[in-house]
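Chains as they are written, first to last, in the numbering used here: chain A, 1 to 82; chain B, 1 to 419. C-beta: ideal position from N, C-alpha, C; glycine also. All values reported here derive from a predicted model rather than from experimental measurement. First the structure, in the form of structure tokens, and then the observations on it.
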Amino acid sequence: MSETVKLTVNGVVVTAPAGAMVSTAVALAGVSAFRRSVSGAPRAPLCGMGICFECRVTIDGRQHCRGCQVTCQPGMEVRTDE
Amino acid sequence: MSSHGHDVIVVGAGPAGLAAACRAAECGATVALLDDNPQPGGQIWRAGARPPKGKAARWLRLAGERQVGWIAAARVFAAPAPGRISIERSNGDIDLGYRNLVLATGARERFLPFPGWTLPNVMGAGGLQALAKSGYPVRGKKVVVAGSGPLLLAGARYLRGCGANVRLVAEQTGHSTLYRFARGLARHPAKLAQAVFLRAALLGIPYLSGCWPVAAEGSGKLESVTLRRGGKTWSEPCDYLACGFGLVPNVELAALLGCRMGEAGVEVDEYQQTSVAGVYCAGEAAGIGGIDLSLVEGEIAGYAAAGRPEAARKLFRARQSHRRFAAALAETFAPRDELRTLPQDDTLVCRCEDVGWGRIRGFSTWREAKLQTRCGMGPCQGRVCGGAVGFLLGWKPESVRPPVFPARLESLMRAGDPE
């Protein structure tokens, strides 16, 4: 698929394949910690299918969105805990 | 909130759900098919950026032709009254009414805790595959695939196709058990062809039976995994560890609706009807069995839910054959006892609340552990640690309460309100 979509992750512009999930964009941005656990440890996707909630990020100001269940949209602003 | 009535609502748009929706619609029922994901197909037919093909494309096309109503990215979080479910979507909540309900909620991977398993880039075998389908960066990355079951082979093959450098596949089941299983496959020619195809595609990738991860190491993210096989233990450098120990059925919604549970999943009768009249269950949620069993169970549930039991009956024989294969799979790939010794006292079991093995292993029930430590009380609601404590300690979930998925306050306040 040649089409792409541009969005930002922690303010940095990322180009992701069209139809990609937000988790993919975060990984493409080189961010390894999607969120910090309750004791401050870095966490990243585990299940990839909406079950584990480890890929939670803030999307367009809405907190606790599962990055693996949301499709990237042009201009989307994604924030991680890093 | 808006509210609609349907003859049949199908929850879950994987193979079982698609088959149920298509067959029910074919009988003239008005059908809504919904899924938590933005696209239909479930995990196995997750298309990602590529268009679906083969069997997946045929069922998806049929659903369109039969005018199945598709509701994407919809999470069922409550069942406020008999015949009604509450659904949360990003663009608003909705209450749906049904005469019959088919639960095709599928399965998730079983994760077992070992030191370092919470490090970024330690993922599920199906998990990394699912994300790779969406373009997750695996090209040129060193990947170790580990755990148990046929999913490992499928995952390794897919990741290699994406350009990943798959170092090895570590299958915890021992060689003699695998050999017995492979010989039994001769009775299922389609499965044998599949197994041979996967094995061939993996040529050049070591497939180590009787081998499993004992620890993952890295500073801030994964750098290597320690593997054990026979008397040998060694460290394998890698960028990703794709690790899953088989599948666990997603039964939370069925439990919320009051459906009785069996040993393998939601208990169903010969028409796939649960202990609650008008509520059916098909596919992995009714017991892990793979795609062929899921499809036939879905078809049976769809016909039955649309009031066509005679059409459903014609499929009973096919289902029986697939169930035998499922039983052989479950026996072959059952996790070995040594895996119970992997977690150390400071190894986290509950990743949501950061509760370590040492804090929970003394309790006799999950309920007790929850009350004292919050194990299983975070956002995933025990979906990850539940499969682990079930295997490690024999604990079973004791109750399911709404919301079965974390939901926004506004959704909770509106749930069940009349229009």
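is_contact[residue i, chain A] using C-beta, thresh 8 angstroms
i: residue 240(B); result: no
i: residue 108(B); result: yes
i: residue 255(B); result: no
i: residue 419(B); result: Confidence is the limiting factor: at residue 419(B) the pLDDT is only 43, short of 50, which leaves the residue's position unreliable, though a coordinate-based value still follows. No, residue 419(B) does not count as interfacial toward chain A.
i: residue 8(B); result: no
i: residue 173(B); result: no
i: residue 127(B); result: yes
i: residue 93(B); result: no
i: residue 141(B); result: no
i: residue 131(B); result: yes
Residue(s) in a DSSP beta bridge with residue i
i: residue 42(A); result: 36(A)
i: residue 55(B); result: Answer is none; residue 55(B) lacks a bridge partner.
i: residue 245(B); result: 148(B)
i: residue 279(B); result: 101(B)
i: residue 356(B); result: 348(B)
i: residue 83(A); result: Lying before the first or after the last residue shown, residue 83(A) is absent from chain A, which here runs from 1 to 82.
Member of the options whose CA lies at the smallest distance from the CA of residue i
i: residue 257(B); options: 75(B), 290(B), 402(B); result: 402(B)
i: residue 475(B); options: 52(A), 81(A), 13(A); result: No statement about residue 475(B) is possible, as the shown extent of chain B runs from 1 to 419 and does not include it.
i: residue 331(B); options: 56(B), 38(B), 177(B), 72(B); result: 177(B)
i: residue 230(B); options: 237(B), 377(B), 222(B), 214(B); result: 214(B)
i: residue 64(B); options: 195(B), 179(B), 26(B), 235(B); result: 26(B)
i: residue 367(B); options: 89(B), 410(B), 389(B); result: 389(B)
i: residue 338(B); options: 385(B), 112(B), 140(B); result: 112(B)
i: residue 423(B); options: 47(A), 81(A), 6(A), 20(A); result: It is not possible to answer for residue 423(B), since the shown part of chain B is limited to 1 through 419.
i: residue 36(B); options: 56(B), 359(B), 22(B), 71(B); result: 71(B)
i: residue 221(B); options: 264(B), 123(B), 39(B); result: 123(B)
i: residue 264(B); options: 249(B), 270(B), 253(B); result: 249(B)
Within-8 angstroms CB hit, residue i to chain B
i: residue 80(A); result: no
i: residue 38(A); result: yes
i: residue 77(A); result: no
i: residue 63(A); result: no
i: residue 8(A); result: no
i: residue 45(A); result: yes
i: residue 17(A); result: yes
i: residue 69(A); result: yes
i: residue 24(A); result: yes
i: residue 48(A); result: yes
i: residue 20(A); result: yes
Short Cβ contact (8 angstroms threshold) for residue i with residue j
i: residue 96(B); j: residue 9(B); result: yes
i: residue 92(B); j: residue 43(B); result: no
i: residue 356(B); j: residue 345(B); result: yes
i: residue 315(B); j: residue 121(B); result: no
i: residue 152(B); j: residue 125(B); result: yes
i: residue 20(B); j: residue 262(B); result: no
i: residue 114(B); j: residue 404(B); result: no
Distance between beta carbons of residue j and residue i, contact taken as under 8 angstroms
i: residue 294(B); j: residue 16(B); result: 4 angstroms
i: residue 87(B); j: residue 128(B); result: Not quite, the Cβ-Cβ distance comes to about 29 angstroms (not below 8 angstroms), so this is no contact.
i: residue 326(B); j: residue 288(B); result: 7 angstroms
i: residue 283(B); j: residue 14(B); result: 6 angstroms
i: residue 77(A); j: residue 8(A); result: 5 angstroms
i: residue 68(A); j: residue 131(B); result: 7 angstroms
i: residue 31(A); j: residue 18(A); result: Actually they do not touch by this definition, with Cβ atoms about 21 angstroms apart.
Heavy atom of the ligand HEM within 7 angstroms of residue i beta-carbon
i: residue 185(B); result: This structure simply doesn't include the ligand HEM, nor any ligand for that matter.
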